[in-house]
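Chemist: Have a look at the structure that comes next, please.
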Amino acid sequence: MATHLQNYIDGKWLDSSGGETFDDTDPASGELIATVTKSTTADVDRAVEAAHRAFDAWRLVPAPKRGEIMYRAGELMLARKDDLAREMTREMGKVLAEARGDVQEGIDMTYYIAGEGRRQFGDVVPAELPNKWAMSMRHPHGVVAAITPWNFPLAIPTWKIMPALICGNTVVFKPASYTPLLAVRLVEILEEAGLPKGVLNLVLGPGGDLGDHLVTHPGVDLISFTGSSDTGAHISELAGRLLKRVSCELGGKNAIVVMDDASVDLAVDGIVWSAFGTSGQRCTAASRVIADRAVATDLIGKVVGRAKKMRMGHGLEATTDLGPVVSKAAQEKVASYIGVAEREGATVAAGGHIPTTGALAKGFFHEPTVLTDVKPNMRVAQEEIFGPVTAIIESSNIDEAIKILNSTKYGLSCSIYTQNINNAFRFMRDAECGLVYVNAGTIGAEIQLPFGGMKSTGNGHREAGRAALDVYSEWKSIYVDYSGRLQRAQMDVVEKTGMAP
Ligand code: NDP
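First residue of the sequence shown? That's 57 in this note's numbering, and the numbers climb one at a time after it.
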């Protein structure tokens, strides 16, 4: 039976003031999972006000105590890992093993951030004047709006909510409309872990209607957004005029480079996993392969063979290799790019169709697709398709491969397969990407290192690792003069020490 999902505002589960709902459905079957309250701007106002009220008390809770709440949340996620993963597969389609990975990433992030409750290091540095103390400390922003996509419906919210909370901020969480169930589950867990009322608030509903109101709300101090480049640019523009802090993690057009000396079989494993995992709907998906001509024929034959053998189906079935894409619109977008590829002169070497018979016709499936004869400037090699499609481009040497890699506006993830250490180090240095892998695919980031992209993939911030704390706190530099007299920095130091040359 379908459940009903509500907002969580000031510690209470509530329907929207507008009384309307929308449906949360399984993209593999069309089955109804939940009816969801559809928030209004008045609900956003209530959530921001609650977060604002809670901020003064929460920022004064000692950070180690805040960390203990995070730790308990991590324990609860671990205990519920399998249930959360199953609900995730039903809600957005990724196969169960990958959904478990998504939950595990959320657990990892939560434990990691719990530890930051006892770190959040600042600097204590020598002062240039005698009897003076100089140090820096982190200061929370206030109310954070966390706006998240559907493709990592547990992991990405934890990347934002956990560091925001540990730094002493309060949060209004606006998850993607395709994944409200996982958002509700995460909030339930934090509530059960002991988060005080008002510290985390959840508003469910369409970003287009609520987004501008939330982003421009005078009570919101920082916007942390992960999603498409168009929405990110729109949010940045609105927030920029108001001089609000904004952190954006946006799209990608990630590539795997395969050199002439690579282990082709290893590269094929990495390509299939990186291109078709989560049906190609990872921001780090390998939507391009740059293959050295010396190995291209062998590589293409093997990738095409593997793609043709992949079994589509419901992500909960053990036999399924590839689940659906998230929606009808996503399915149509992928299909439209097959037409674009053909018109541009690329060859559809595997896949290219929407299945129209049997159980697959009920869901938003698209065949895993391999495009060959792709040139670096074609649209399919430049634009984010966000589906199970990868474009193979041939190159002649490491210089050309790196040039092709860097020829898109994005800069999130890339990888190189090679046995040549010089090529590997050249690549590590010259790739214009926030994530670089050697002899592994484009996915597999761990939460203890920064995550994010260069160029149009973002606006210079990073999630995860220590870098996350820099998004959710501001630096405050503090000087304490205990000399008992006026000491003028940069002016008095030489005389006072009596060490003039
Ligand atoms: P969208 O930009 O469509 O949506 C992301 C979030 O923004 C959703 O919660 C959405 O709400 C909300 N939103 C939509 N319009 C507005 C608005 N005007 N103001 C405020 N919020 C708004 O992206 P997708 O959900 O389709 O996510 C896929 C994209 O995310 C891909 O481009 C992918 O590359 C990127 N991504 C980037 C990552 C990174 O770390 N670089 C990681 C994961 C994904 P609603 O759902 O209600 O429309």
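C-beta: ideal position from N, C-alpha, C; glycine also.
A quick note: this is a predicted structure, and the numbers were derived from the prediction, not measured.
(1) Does at least one heavy atom of ligand 1 sit under 7 Å from the Cβ of Leu468?
(2) Taking 7 Å as the cut-off, is the beta-carbon of Tyr234 closer than that to any non-hydrogen atom of ligand 1?
(3) Please report how far the alpha carbon of Arg146 lies from the alpha carbon of Leu134, in whole angstroms.
(4) For Asn257, which of helix, strand or coil comes out of DSSP?
(5) Considering only heavy atoms of ligand 1, does any lie closer than 7 Å to the CB of Asp223?
(6) Report yes if the C-beta distance between Gly326 and Ile312 is below 8 Å; otherwise report no.
(7) Could you pull the start and end residues of the beta strand (DSSP E) that Ile472 belongs to?
(8) Can you determine whether any heavy atom of ligand 2 sits closer than 7 Å to the C-beta of Ser471, and answer yes or no?
(9) In angstroms, rounded to a whole number, what distance separates the CA positions of Cys339 and Leu416?
(10) Since Lys253 and Asp455 should fall inside the 8 Å C-beta cutoff, what is the C-beta to C-beta distance between them, to a whole number of angstroms?
(11) Please look up how many angstroms separate the CB atoms of Leu270 and Ala220, rounded, as I've assumed it's under 8 Å.
(12) Using only the heavy atoms of ligand 1, determine whether one of them is closer than 7 Å to the beta carbon of His290.
(13) Can you give me the start and stop residues for the alpha helix (DSSP H) that Met434 sits inside?
(14) Can you give the beta carbon distance from Trp206 to Ala232, rounded, assuming they're within the 8 Å contact cut?
(15) Would you call the CB atoms of Ile458 and Phe483 closer than 8 Å?
(16) What does the alpha-carbon distance come out to for the pair Ser335 and Pro380?
(17) Output needed for Pro557: all residues of its chain with C-beta closer than 6 Å, excluding positions within five of it in sequence on either side, in chain order.
(18) Quick one: residues in its chain with C-beta nearer than 7 Å to the C-beta of Ala342, no 5 flanking neighbours on either side, listed in chain order?
(19) If we ignore side chains and look at the alpha-carbon of each, how far apart do Pro120 and Asp286 end up?
(20) In whole angstroms, what is the alpha-carbon distance linking Ala350 and Gly395?
(21) Using beta-carbon positions only, say whether Gly490 and Thr513 come within less than 8 Å of one another.
(22) Helix or strand or just coil, what does DSSP make of Gly514?
(23) Taking Cβ to Cβ, would you say Pro432 is nearer than 8 Å to Ile449?
(24) What's the gap between the Cα of Val430 and the Cα of Pro213?
(25) Indicate the three-state DSSP secondary structure (helix, strand or coil) for Asn225 in the structure shown.
(26) Have a look at the DSSP bridge pairing and note the partners of Leu88.
(27) In the DSSP assignment, find the beta strand (DSSP E) that holds Thr284 and state where it starts and stops.
(28) Give me the Cα-Cα distance between Ala538 and Ala545, rounded to the nearest whole angstrom.
(29) Mind checking Met218: buried by the 16 CB within 10 Å criterion, or exposed?
(30) Among Gln337, Val404, Thr353 and Gln387, which residue has its Cα nearest to the Cα of Lys364?
(31) Would Gln543 and Lys68 be called neighbours here (beta carbons separated by less than 8 Å)?
(32) Is DSSP giving Met484 helix, strand or coil here?
(33) Less than 7 Å between the CB of Phe229 and some heavy atom of ligand 1, yes or no?
(34) Using 8 Å as the Cβ pair cut-off and three pairs as the minimum, do the region 99-112 and the region 280-299 touch?
(35) Compare the C-alpha of Pro182 against each of Arg142, Gly333 and Ser192 and name the closest.
(36) Are Ala129 and Leu246 touching if we call contact CB-CB under 8 Å?
Modeler: Concretely, from the data shown:
(1) Here residue 468 refers to the residue found at position 412 when the sequence shown is read from its first residue. For Leu468, the distance from the CB to the nearest heavy atom of ligand 1 is below 7 Å.
(2) On the sequence shown, residue 234 is found 178 positions in, with the first residue counted as 1. Checking the Cβ of Tyr234 against ligand 1 gives yes.
(3) Translated into positions along the sequence shown, residue 146 becomes position 90. Translated into positions along the sequence shown, residue 134 becomes position 78. Their Cα atoms are separated by approximately 19 Å.
(4) Translated into positions along the sequence shown, residue 257 becomes position 201. Reduced to three states, the DSSP call for Asn257 is strand.
(5) To locate residue 223, count along the sequence shown from 1; it is residue 167. What sits at residue 223 in the sequence shown is Cys, not Asp. Residue side-chain check: Cys223 keeps its Cβ at 7 Å or more from all non-hydrogen atoms of ligand 1.
(6) Your numbering for residue 326 matches position 270 in the sequence shown. Your numbering for residue 312 matches position 256 in the sequence shown. Yes. Within cutoff.
(7) Position 416 of the sequence shown, counting from 1, holds the residue named residue 472. Ser469 to Tyr473 is the extent of the beta strand (DSSP E) around Ile472.
(8) Questions concerning ligand 2 fall outside what the structure shown contains, since the ligands it does hold are ligand 1.
(9) The count along the sequence shown starts at 1 and reaches residue 339 at position 283. The count along the sequence shown starts at 1 and reaches residue 416 at position 360. Between the C-alpha atoms of Cys339 and Leu416 there is a straight-line separation of about 25 Å.
(10) One-based indexing of the sequence shown puts residue 253 at position 197. One-based indexing of the sequence shown puts residue 455 at position 399. No, Lys253 and Asp455 are not in contact; Cβ-Cβ is about 58 Å, not under 8 Å.
(11) Working through the sequence shown from its first residue, we reach residue 270 at position 214. Working through the sequence shown from its first residue, we reach residue 220 at position 164. Not really, about 15 Å apart at Cβ, beyond 8 Å.
(12) Mapped onto the sequence shown, residue 290 falls at position 234. Within the cutoff, so yes.
(13) Within the sequence shown, numbered from 1, the residue matching residue 434 stands at position 378. For Met434, there is no enclosing alpha helix (DSSP H), as DSSP marks it with neither H nor E.
(14) Start at 1 with the first residue of the sequence shown, and residue 206 comes out as number 150. Start at 1 with the first residue of the sequence shown, and residue 232 comes out as number 176. Between Ala232 and Trp206 the Cβ distance is about 4 Å, and since that is below 8 Å, they are a contact.
(15) The residue given as residue 458 occupies position 402 in the sequence shown. The residue given as residue 483 occupies position 427 in the sequence shown. Contact check for Ile458 against Phe483 passes: the beta carbons are separated by less than 8 Å.
(16) By 1-based counting over the sequence shown, the position of residue 335 is 279. By 1-based counting over the sequence shown, the position of residue 380 is 324. The straight-line gap from Cα to Cα measures roughly 7 Å.
(17) As a first step, residue 557 must be located in the sequence shown, where it is residue number 501. Model confidence at Pro557 stands at a pLDDT of 47, short of 50, so the residue's coordinates are unreliable; what they give is reported in the following sentence. Taken in chain order, the list of residues that qualify is empty.
(18) Residue mapping note: residue 342 aligns to position 286 of the sequence shown, counting from 1. By the criterion of a C-beta distance shorter than 7 Å, Ala342 is surrounded in its chain by Asn310, Ala311, Ile312, Ile327, Ser330, Ala331, Thr446, Gly497 and Thr498, once the five residues flanking it on both sides are discounted.
(19) Within the sequence shown, residue 120 is the residue found at index 64, counting from 1. Within the sequence shown, residue 286 is the residue found at index 230, counting from 1. Looking at the backbone, the Cα of Pro120 and that of Asp286 are separated by about 38 Å.
(20) As a position in the sequence shown, residue 350 is number 294, starting the count at 1. As a position in the sequence shown, residue 395 is number 339, starting the count at 1. Roughly 29 Å between the two C-alpha positions.
(21) Locating residue 490 in the sequence shown gives position 434, where the first residue counts as 1. Locating residue 513 in the sequence shown gives position 457, where the first residue counts as 1. Yes.
(22) Along the sequence shown, read from residue 1 onward, the residue named residue 514 stands at position 458. Collapsing the DSSP output to three states places Gly514 in a strand.
(23) Stepping through the sequence shown from its first residue, residue 432 is reached at position 376. Stepping through the sequence shown from its first residue, residue 449 is reached at position 393. Contact flag set, yes.
(24) In the sequence shown, the residue the question calls residue 430 occupies position 374. In the sequence shown, the residue the question calls residue 213 occupies position 157. The alpha-carbon of Val430 is positioned some 36 Å away from that of Pro213.
(25) As a position in the sequence shown, residue 225 is number 169, starting the count at 1. Residue state for Asn225 is assigned as coil, using DSSP reduced to three classes.
(26) As a position in the sequence shown, residue 88 is number 32, starting the count at 1. Answer is Thr81, bridged to Leu88.
(27) Here residue 284 refers to the residue found at position 228 of the sequence shown. In the sequence as displayed, the identity of residue 284 is Ser instead of Thr. Secondary structure note for Ser284: it is in no beta strand (DSSP E), with a DSSP letter that is neither H nor E.
(28) Residue mapping note: residue 538 aligns to position 482 of the sequence shown, counting from 1. Residue mapping note: residue 545 aligns to position 489 of the sequence shown, counting from 1. One detail in the question is off: residue 538 reads as Tyr in this sequence, not Ala. Going from the Cα of Tyr538 to the Cα of Ala545 covers about 14 Å.
(29) The residue given as residue 218 occupies position 162 in the sequence shown. Buried is the call here.
(30) The sequence position of residue 364 within the sequence shown is 308, counting from 1. The residue with the shortest Cα to Cα distance from Lys364 is Val404.
(31) On the sequence shown, residue 543 is found 487 positions in, with the first residue counted as 1. On the sequence shown, residue 68 is found 12 positions in, with the first residue counted as 1. Using a Cβ distance threshold of 8 Å, Gln543 and Lys68 do not count as a contacting pair.
(32) Locating residue 484 in the sequence shown gives position 428, counting from the first residue. Three-state DSSP puts Met484 in a helix.
(33) Here residue 229 refers to the residue found at position 173 when the sequence shown is read from its first residue. No.
(34) At 8 Å Cβ cutoff, the stretches do not touch.
(35) By 1-based counting over the sequence shown, the position of residue 182 is 126. Checked all of Arg142, Gly333 and Ser192; the closest Cα to Pro182 is Ser192.
(36) Numbered from its first residue, the sequence shown carries residue 129 at position 73. Numbered from its first residue, the sequence shown carries residue 246 at position 190. Going by C-beta atoms, Ala129 is nearer than 8 Å to Leu246.
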